[in-house]
Every structure is written in C-alpha cells, then in structure tokens.
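Below is one structure, written out as structure tokens; the observations come after it.
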Amino acid sequence: MSERKKVKITATGRYVPPKVMTNKDLEKIVDTNDEWIRTRTGIQQRHVAEKGVGSSALGVEAARKALDKAAFDPKDIDFILVATGTPDYYSFPNTASIVQKELGVPPGVPAMDVSAACSGSVYALYTGHQLVASGDYKNVLVIGTEVMTSILNWDDRDTCVLFGDGAGAMLLQPAAEGEGEILGHHLGADGSGGDLLMVPGGGSRNPTSAETLEKKLHGITMQGTQVFKYAVKAMADSTLKVLKKCNLQAEDVKLIIPHQANDRIIEAVSRQLKLPREQFLSNIAKYGNTMAATTLIGLDEVIEQGRVEKGDLVLLVVFGAGFTTGASLIRL
Ligand code: COA
Numbered sequence: 003m004s005e006r007k008k009v010k011i012t013a014t015g016r017y018v019p020p021k022v023m024t025n026k027d028l029e030k031i032v033d034t035n036d037e038w039i040r041t042r043t044g045i046q047q048r049h050v051a052e053k054g055v056g057s058s059a060l061g062v063e064a065a066r067k068a069l070d071k072a073a074f075d076p077k078d079i080d081f082i083l084v085a086t087g088t089p090d091y092y093s094f095p096n097t098a099s100i101v102q103k104e105l106g107v108p109p110g111v112p113a114m115d116v117s118a119a120c121s122g123s124v125y126a127l128y129t130g131h132q133l134v135a136s137g138d139y140k141n142v143l144v145i146g147t148e149v150m151t152s153i154l155n156w157d158d159r160d161t162c163v164l165f166g167d168g169a170g171a172m173l174l175q176p177a178a179e180g181e182g183e184i185l186g187h188h189l190g191a192d193g194s195g196g197d198l199l200m201v202p203g204g205g206s207r208n209p210t211s212a213e214t215l216e217k218k219l220h221g222i223t224m225q226g227t228q229v230f231k232y233a234v235k236a237m238a239d240s241t242l243k244v245l246k247k248c249n250l251q252a253e254d255v256k257l258i259i260p261h262q263a264n265d266r267i268i269e270a271v272s273r274q275l276k277l278p279r280e281q282f283l284s285n286i287a288k289y290g291n292t293m294a295a296t297t298l299i300g301l302d303e304v305i306e307q308g309r310v311e312k313g314d315l316v317l318l319v320v321f322g323a324g325f326t327t328g329a330s331l332i333r334l
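Converting from the sequence shown to this note's numbering requires adding 2 to each position, the first position being numbered 1.
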C-alpha cells in the first residue's frame, strides 16, 4: 500500500444564477413579508435558476471558475464528486456524469454523486480527501450544487422563503511540504430525524402519481423548530469533535464557515461554543440556503475577499436532512 498523501485545496470557485428574487418579490406569491423573513432568518434575497437549468449547469460554471484560477485543464481531472440533493434527474444519470461531459473531462474518468442533503459538501470533501490521500487519484473535483427552487412548494411559506440556487467547487490535489492541507473531518448521521425534513414524493416509497402531485409531496416539508434545535447541537458538537481530532483549539481557527440555513442558528452556535460572532461567516442574506453549496460558496467568497489567506485555519461545519452532520478543518 502506498503512503498516505497530504491533500490541499488548490483552488475554489462559485456560481449563482443572475436572477435575484427578493423578499418583496416573495410577498407577491405567498403570505409572507420582508420583515418576518429578515428578522426570523437573516435572508434578504436568493438567486433563482431559469426553468430548465439543472444543478449540473451551475456546478459546471463554479468548476470552471475554480479551474481557471488554478490554470488547470479540465482534461486532467481524474475524479468528479458532486454533492447535490437536487440532481438533474431522479434517479439517473447521475449529475456528476453530466458535469463530466459538459466540463470536457475525458470519458473514462469516474464521476459520482454524493447524497447527504445540506451536509453533502463536507461528505464530498471528506471523500475527495481520501481519494487523493490514498494515492489513487491526483486531481479531484468536488462540487456542491443545487437548484433548490425546483423542489419548493411555493404555497408553503414555512419553507419556500428559506432556499436559493447556487454552486461551489474546489480542486483537491496532493500537497507538498509547507503547503496548505486538509487536516481532518468529523461526519455523523441520525436517521431518527428523517421525517422532520424531507421531500416525501417521487422516490421508491411514494413514486410520482396524480395523488403525490395533488398532495404536493414533491416539495420540501419541514418541522422548523425541531430542525433548528438539531442544527445548533449538531454543528456545535461537530465543531468540537473535529477540533479535538486535530488537536487544535477553536481560538486557532481564523474563520468558521457554517452551513447557511438561518442566521439565528449561526448566532446560537456561536453562543453555545462561547465564540465571538465575528468568527463565523454569514452570507445567508444574499443567497438563502443553497443546501450542499453553502459552505463551498462561502469559502470561495472569503478567499476572494482576503478575509482568509494562506496559512489560516478554516473550519467548515454543516448539518442537514437525514439528519446528517459534518465538519472539516483546513489549513489554507
Ligand atoms: N412569513 C410570515 N410568517 C411566517 C412565515 C413566513 N414565511 N413562516 C412562518 N410564519 C409564522 C408561523 O405561521 C407562526 O405564526 P403563528 O405564531 O401565528 O403560528 C410564526 O411565524 C412563528 O413560526 P415559527 O415556525 O415558530 O417560527 P420560527 O421562529 O421557529 O422560525 C424557521 C421558523 C423555519 C425560520 C426556523 O424554525 C428555522 O430556521 N428552522 C430551521 C430550518 C432549517 O434549518 N432548514 C434547513 C435545514 S438544512
């Protein structure tokens, strides 16, 4: 067996579709208001993909941006991982294979979707890390991409105001001595929370039928309060677990990039961990919850803004349907 390699994030990219839907726009289609959405969630607007645009298209745009930054030819990618809960098609072809073709990655290169809802970004990053660390692959593309607006019930104000569309991407490669490095991860799942956040229709239990359509079972259903409680506990626990695993302290971390589901969840996690609010990224105001894309968009944004730089420790922490949770600690 070959020796385990250190793995770095060589480049990141993000893409959101140009069309913006503000809270005011939502007031016209559902019984809600800007003030409620802002104060209860922190969201001001979200980006919305045009009809017929799938998650692969957003993911390809984000990947191109990441690869351009590294001046890296898509032809040299040797594995594609796509985290998504809104694949182009239920159930196949997988979205990663569509990305392979559209991005110009050569046929033969493996392409796999990762399904862990909002935790998909960290699950995919973990998987990509192992692929490179094993020595089996050298240039792994990790994408988190969602067209959340394709699975919303626009009559349900409890959920339709929360989500947006977008994608983030990163290129993983072996790291030389002294370069940045992915340090470790924590992953978890608790299936007992499955009913609290789900899309009930369209799968093998409730195949699409006139009845599932009539009952609007193809949109997200959620018990918001229970999900909120799980989210705070899960993200605080996951943060502590990955820090312990890597033998580091929260104070060592320059920026925590939490899943963007609700600004009040981020606030509660910072309070629970007794860490300053400024140590946590919040960009939910602009994007809403883009599920598997939030932390990848966030990481690309803070690198671009210079809020974090080479050598800094960054911690991604997520939770999502399943329930699932996870955290990754990275030295940039
Ligand atoms: N606009 C206006 N009023 C709304 C509304 C909306 N979009 N959505 C709910 N309300 C109303 C409710 O009907 C309720 O009214 P009532 O008091 O007359 O019954 C009131 O606002 C409070 O609702 P509640 O559900 O208690 O609000 P909340 O403070 O718990 O916030 C969430 C609701 C969904 C924002 C919050 O629970 C949450 O963020 N949960 C986690 C969601 C999440 O993370 N999901 C994704 C996981 S990846």
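All C-beta atoms, glycine included, are put in the ideal place defined by N, C-alpha and C.
Cβ-Cβ distance between residue i and residue j below 8 Å
i, j, result
"residue 293", "residue 54", "no"
"residue 65", "residue 171", "yes"
"residue 31", "residue 156", "yes"
"residue 101", "residue 84", "yes"
"residue 245", "residue 252", "yes"
"residue 236", "residue 161", "no"
"residue 332", "residue 11", "yes"
"residue 257", "residue 309", "yes"
"residue 174", "residue 131", "yes"
"residue 140", "residue 109", "no"
"residue 270", "residue 234", "yes"
"residue 25", "residue 40", "yes"
"residue 169", "residue 145", "yes"
"residue 138", "residue 150", "no"
"residue 49", "residue 67", "no"
"residue 16", "residue 299", "yes"
"residue 111", "residue 81", "yes"
"residue 334", "residue 303", "no"
"residue 223", "residue 202", "yes"
"residue 305", "residue 282", "no"
Contacts around residue i, its chain only, beta-carbon distance under 8 Å, and the 5 residues preceding and following it disregarded
i, result
"residue 204", "92, 210, 214, 219, 220"
"residue 59", "51, 104"
"residue 120", "87, 261, 263, 291, 293, 294, 296, 320, 321, 322, 323, 326"
"residue 125", "85, 116, 118, 189, 326, 328"
"residue 72", "12, 13, 173"
"residue 266", "42, 43, 44, 230"
"residue 250", "185, 315, 331"
Residue i burial status per 10 Å Cβ neighbour count (16 or more: buried)
i, result
"residue 90", "buried"
"residue 262", "buried"
"residue 27", "exposed"
"residue 76", "buried"
"residue 7", "buried"
"residue 197", "exposed"
"residue 122", "buried"
"residue 63", "buried"
"residue 94", "exposed"
"residue 313", "exposed"
"residue 206", "exposed"
"residue 96", "buried"
"residue 240", "buried"
"residue 284", "buried"
"residue 272", "buried"
"residue 61", "buried"
CB-CB length for residue i against residue j, believed under 8 Å
i, j, result
"residue 1", "residue 255", "The question about residue 1 has no answer, for the chain in this structure spans 3 to 334."
"residue 9", "residue 183", "7 Å"
Beta-carbon contacts of residue i that lie in its chain and below 7 Å, excluding the five residues immediately before and after
i, result
"residue 277", "252"
"residue 212", "none"
"residue 232", "195, 321, 325"
"residue 35", "29"
"residue 200", "223, 323"
"residue 208", "202, 214, 219"
Near the ligand ZN: residue i beta-carbon under 7 Å from a heavy atom
i, result
"residue 229", "Absent from the structure shown: the ligand ZN. Ligands present: the ligand COA."
Neighbourhood of residue i by C-beta, 6 Å cutoff - its chain only, sequence neighbours within 5 removed
i, result
"residue 330", "124, 127, 187, 318"
"residue 248", "185, 186, 331"
"residue 98", "82, 84, 113, 114, 115"
"residue 56", "90"
"residue 192", "325"
"residue 409", "Only positions 3 to 334 of the chain appear in this structure, which leaves residue 409 out of reach."
Chain D contact for residue i (CB, 8 Å cutoff)
i, result
"residue 313", "Absence of chain D from the displayed structure is noted, only one protein chain being present."
**OP:** Only counting runs of 4 or more residues, tell me where the alpha helix (DSSP H) segments fall wholly within the segment 88–171, in order along the chain.
**Re:** Contiguous alpha helix (DSSP H) elements confined to the segment 88–171 occur at 97–105, 122–135, 159–162, taking only those with 4 or more residues.
Subject >> Segments of 4+ residues assigned as alpha helix (DSSP H) that fall wholly inside the segment 253–328 >> reply: Secondary structure within the segment 253–328: the alpha helix (DSSP H) runs of 4 or more consecutive residues, fully enclosed, are 265–274, 286–289, 296–307 (chain order).
Subject >> Whole alpha helix (DSSP H) elements within the segment 167–251, 4-residue minimum >> reply: Counting only runs of 4 or more, we get 212–216, 226–247.
**OP:** Return the chain-ordered ranges of every beta strand (DSSP E) run that is complete within the segment 30–91 and spans a minimum of 3 residues.
**Re:** For the segment 30–91, the full-length beta strand (DSSP E) segments reaching 3 residues or more read 47–49, 81–85 along the chain.
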